[in-house]
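Beneath this line is the structure, given in structure tokens, with notes to follow.
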Amino acid sequence: MAQGIASYRDLSVWRQSLDWAEAIYEATAHWPRDERFGLISQVRRAAVSIASNIAEGSARRSTGEFIQFLGIAKGSLAEAETQLLLAERLSYLSRADARALLLASSDINRMLVALSTSLKKRADG
């Protein structure tokens with residue numbers, strides 16, 4: 001496990017990411033059936049990938065690897081945000097629901113950046 005972290009479950013960014021993935025599942029539950037293997041599947045996978053990469057990174061041997069996985073989580077977050085914006089354009093998601101999910105994703109992004117910055121500072125001494 002990366003320095004100073006007992007478990008990924010102790011990380012608020014992991015917990016918030018998991019909550020966000022659950023919200024994505026709920027939001028996509030009523031999208032058109034023909035999107036089941038398209039946009040629904042893509043946005044769900046991207047959302048789950050965020051918390052998964054935080055967990056996997058925290059279990060790696062080095063802080064550098066953890067930071068790398070946090071970067072992958074940020075990429076998955078950007079992917080999911082893009083898919084939510086498309087869903088809003090396609091009227092699968094209301095403007096209010098899209099804004100709420102995107103606001104939460106901004107919080108997760110800030111937390112990922114803060115954790116990565118903190119780990120870099122610790123690694124540098």
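Position 97 (the sequence shown) corresponds to 97 in the numbering used here; numbering is contiguous. Just so you know, even glycine gets a beta-carbon here, dropped at the ideal spot from N, CA and C.
Burial state of residue i (16 or more Cβ within 10 Å)
i, result
"T28", "buried"
"V48", "buried"
"S17", "buried"
"A78", "exposed"
"G57", "buried"
"A96", "exposed"
"S62", "exposed"
"L103", "exposed"
"L84", "buried"
"S105", "buried"
Boundaries of the alpha helix (DSSP H) in which residue i is found, first to last residue
i, result
"L119", "R95 to D124"
"F66", "T63 to R89"
"E56", "L39 to S58"
"W31", "Here W31 belongs to no alpha helix (DSSP H), and DSSP marks it neither H nor E."
Any chain D beta carbon closer than 8 Å to residue i
i, result
"S105", "In the displayed structure, chain D is absent; only one protein chain is listed."
Distance between beta carbons of residue j and residue i, contact taken as under 8 Å
i, j, result
"A123", "G64", "7 Å"
"E88", "A100", "With 8 Å as the limit, E88 and A100 do not qualify as a contact, their Cβ atoms being about 11 Å apart."
"V43", "A80", "5 Å"
"A73", "I54", "5 Å"
"A59", "A21", "That belief does not hold up - the Cβ atoms of A59 and A21 are roughly 19 Å apart, past 8 Å."
"L11", "I67", "14 Å between Cβ atoms; not a contact."
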